[in-house]
Amino acid sequence: MNLKAAARQLEVHYQTAYKWVRSGELTAVRVSGRYEVSESAIERFLAGRRAVASTAEVPPPSRPGCELSREDVLEELEAMAADPIVTASAVQNLAARRGVDVLGDLCLVVRMDSDGRRVQVAVDHPEPDRAAFVAAALETRGGQRTYGSGSMAEKAYETGKAIRIPHIPQDQLRESIDPELLQYLPSYSICSLLSAPIAAGPYAMGFVAFVRDTPAHPYTAADEEFAVRFGIRIGSLFETERQIKAAWQLRRVASDAVRAQIATCSRPEPPTADELQQMLQDHPTTMALPLAVLDAHCRIVTVNDTFAKTTGYPLSAVTGKPVESFTHPDTVADERVSFERLLSGEVDYLDVHGRKLLADGTHLDYASHRVAVRRPDETLHCIISVLRPLHTRLEHSDQARPTITN
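The opening position of the sequence shown corresponds to residue 4 in our numbering, with each subsequent residue numbered one higher.
This is the structure we're talking about:
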């Protein structure tokens, strides 16, 4: 018989039977480019499966060993906030993979838009065919219900609270699945569900969900606590992506405005505070991040209001001062090196990390997105620096208090 017929006899999906053939568990012979499976091969395969089941319960293959602990994963995502470029898709893919590594079985990371529609989905599972099926089912259904756990998992996004269902009633599960997908439930079982909101502060941006393939390992309160922290960390990285885009936009708008001023004005000095405000008045959203303009000697020429509010220093306190005056001693050497790269002409754009001294005696860890603006003769006109506070060391939030369904 061909492989499709063998899959029907074994009561599994074709892809599952194909996986068994590829792994050597199910014997098949290629005839004219197709797999043929004998009745003897099926009998031997089933006998082997019965023998294994009768000796001991085999741990589900969806919980492989992983050297990373849950705290390691949270710290890995925390470190990602300091990356010069962060995108939501990269965050989702990494989070889904790490979610499988330390919790499993299947991990689903969903980003939603302001209207509550799915924007982007990342799915991972130790068995690639299962991850591929769920991803395909989600894509096929578009913005409609999620396969299997749909309305259950999305409640975490809708309510802002974690959802844990240790044992999903299968009749309830069948009711939540679209009729077109019911036929696949035997091959892609769902026995336990855990879902937590992805949020930054009070704003929900999506949800992260975990699904158990077997009933023997229901999700626990400790799993739920991790999922909540996991969702908060993912939300922070989504916010980081938004701020990076805003920082790059502000840098581009400000540098274009200064270049336009250079082209129409013979005066060699960088823009004053009033001129800078005038340049950016048509782009109010770009004023959400701190900005400073430095001269060719790295002295502060002017800053925007957001810079003054963030650091606690009014414009009068920083004008004409070397930027090092407000740099934490631990990072002064690195600052000199980074500015030298801009001053020398090695690069015109530079993204760096630093630590700034604030007026109240504390300090701020930040990413600085800088651009060197040059005159037509390549003489340095000014350096524009946009600061982006780094989102690190988030604590457990009350935002995602659990809702447990037994």
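Backbone N, C-alpha and C define an ideal beta-carbon position, used for all residues, glycine too. A quick note: this is a predicted structure, and the numbers were derived from the prediction, not measured.
Work out the CA separation of residue j and residue i for me, nearest whole Å.
{"i": "L13", "j": "R232", "result": "41 Å"}
{"i": "A207", "j": "E42", "result": "54 Å"}
{"i": "L345", "j": "R120", "result": "43 Å"}
{"i": "F48", "j": "A159", "result": "42 Å"}
{"i": "G348", "j": "E338", "result": "16 Å"}
{"i": "A93", "j": "P87", "result": "13 Å"}
{"i": "F241", "j": "E81", "result": "12 Å"}
{"i": "V335", "j": "S341", "result": "10 Å"}
{"i": "R100", "j": "C268", "result": "54 Å"}
{"i": "T4", "j": "R167", "result": "Looking at the sequence provided, one finds Met at residue 4 rather than Thr. Between M4 and R167, the C-alpha separation is close to 44 Å."}
{"i": "E391", "j": "A370", "result": "Note on identity: in this sequence residue 391 is Arg, with Glu being the wrong assignment. Going from the Cα of R391 to the Cα of A370 covers about 5 Å."}
{"i": "K312", "j": "R114", "result": "32 Å"}
{"i": "D363", "j": "L111", "result": "43 Å"}
{"i": "L106", "j": "L29", "result": "29 Å"}
{"i": "V124", "j": "R25", "result": "29 Å"}
{"i": "P129", "j": "W23", "result": "15 Å"}
{"i": "E74", "j": "G102", "result": "12 Å"}
{"i": "T143", "j": "V137", "result": "10 Å"}
{"i": "P189", "j": "V374", "result": "57 Å"}
{"i": "A263", "j": "D368", "result": "32 Å"}
{"i": "A320", "j": "A276", "result": "13 Å"}
{"i": "L6", "j": "Y17", "result": "7 Å"}
{"i": "Q147", "j": "L141", "result": "Only weak support exists for where Q147 lies, its pLDDT of 47 falling under 50; the coordinates are left without a value."}
{"i": "V326", "j": "D308", "result": "17 Å"}
{"i": "T314", "j": "K324", "result": "14 Å"}
{"i": "P63", "j": "T217", "result": "Unreliable placement is indicated for P63, whose pLDDT of 48 sits below 50; the coordinate value is still reported in the next sentence. If you take the alpha carbons of P63 and T217, they lie about 8 Å apart."}
{"i": "H286", "j": "L318", "result": "21 Å"}
{"i": "D127", "j": "D226", "result": "18 Å"}
{"i": "A10", "j": "E78", "result": "43 Å"}
{"i": "L71", "j": "V355", "result": "28 Å"}
{"i": "Q284", "j": "D132", "result": "53 Å"}
{"i": "R37", "j": "G27", "result": "16 Å"}
Are residue i and residue j closer than 8 Å when you measure CB to CB?
{"i": "H372", "j": "R254", "result": "yes"}
{"i": "T428", "j": "P274", "result": "Residue 428 lies beyond the range of the chain shown here (4 to 409); nothing can be said about it."}
{"i": "A202", "j": "G163", "result": "yes"}
{"i": "V376", "j": "V256", "result": "no"}
{"i": "A156", "j": "F229", "result": "no"}
{"i": "D108", "j": "V214", "result": "yes"}
{"i": "L416", "j": "I237", "result": "Within the shown structure, residues of the chain are numbered from 4 to 409, placing residue 416 beyond reach of any answer."}
{"i": "L292", "j": "A224", "result": "no"}
{"i": "P421", "j": "Y222", "result": "One cannot answer for residue 421 here, as it falls past the ends of the chain, which runs 4 to 409."}
Please look up how many angstroms separate the CB atoms of residue i and residue j, rounded, as I've assumed it's under 8 Å.
{"i": "V76", "j": "T243", "result": "In fact, because the Cβ distance is near 17 Å, the residues do not count as touching under 8 Å."}
{"i": "I303", "j": "H384", "result": "The pair is not a contact, with the Cβ atoms about 15 Å apart (cut-off 8 Å)."}
{"i": "L360", "j": "T330", "result": "7 Å"}
{"i": "L297", "j": "V389", "result": "So it is not a contact: roughly 12 Å between Cβ atoms."}
{"i": "E39", "j": "A31", "result": "6 Å"}
{"i": "A165", "j": "S198", "result": "7 Å"}
{"i": "A84", "j": "L353", "result": "Not quite, the Cβ-Cβ distance comes to about 19 Å (not below 8 Å), so this is no contact."}
Please name the residue or residues paired with residue i in a DSSP beta bridge.
{"i": "T143", "result": "In the DSSP output, where bridge partners are listed per residue, T143 has none listed."}
{"i": "H366", "result": "L360"}
{"i": "M115", "result": "R121"}
{"i": "G209", "result": "R114, I201"}
{"i": "R302", "result": "P325"}
{"i": "C385", "result": "V376"}
{"i": "E228", "result": "Note: E228 sits in no beta bridge, so no partner."}
{"i": "P392", "result": "Y369"}
{"i": "A250", "result": "Bridge partners of A250: none, in fact."}
{"i": "A295", "result": "V306, S388"}
{"i": "V34", "result": "R37"}
{"i": "R215", "result": "S195"}
{"i": "L353", "result": "R373"}
{"i": "N5", "result": "E39"}
{"i": "L185", "result": "DSSP output for L185 lists no bridge partner at all."}
{"i": "D127", "result": "C110"}
Within 10 Å of its beta-carbon, does residue i have 16 or more other beta-carbons around it, so buried, or fewer, so exposed?
{"i": "S258", "result": "buried"}
{"i": "C194", "result": "buried"}
{"i": "T382", "result": "exposed"}
{"i": "T19", "result": "buried"}
{"i": "Q95", "result": "buried"}
{"i": "G234", "result": "buried"}
{"i": "A8", "result": "exposed"}
{"i": "P205", "result": "exposed"}
{"i": "L185", "result": "exposed"}
{"i": "P379", "result": "exposed"}
{"i": "Q246", "result": "buried"}
{"i": "A91", "result": "buried"}
{"i": "D401", "result": "Per-residue confidence for D401 stands at a pLDDT of 41, beneath the threshold of 50, marking its modelled position as unreliable; no derived number is given."}
{"i": "P332", "result": "exposed"}
Please indicate yes or no: does the CB of residue i lie closer than 7 Å to some heavy atom of the ligand COA?
{"i": "P200", "result": "What this structure holds is no ligand at all, so the ligand COA is not there to describe."}
Please decide whether residue i counts as near chain B, where near means a Cβ-Cβ distance under 8 Å.
{"i": "A212", "result": "In the displayed structure, chain B is absent; only one protein chain is listed."}
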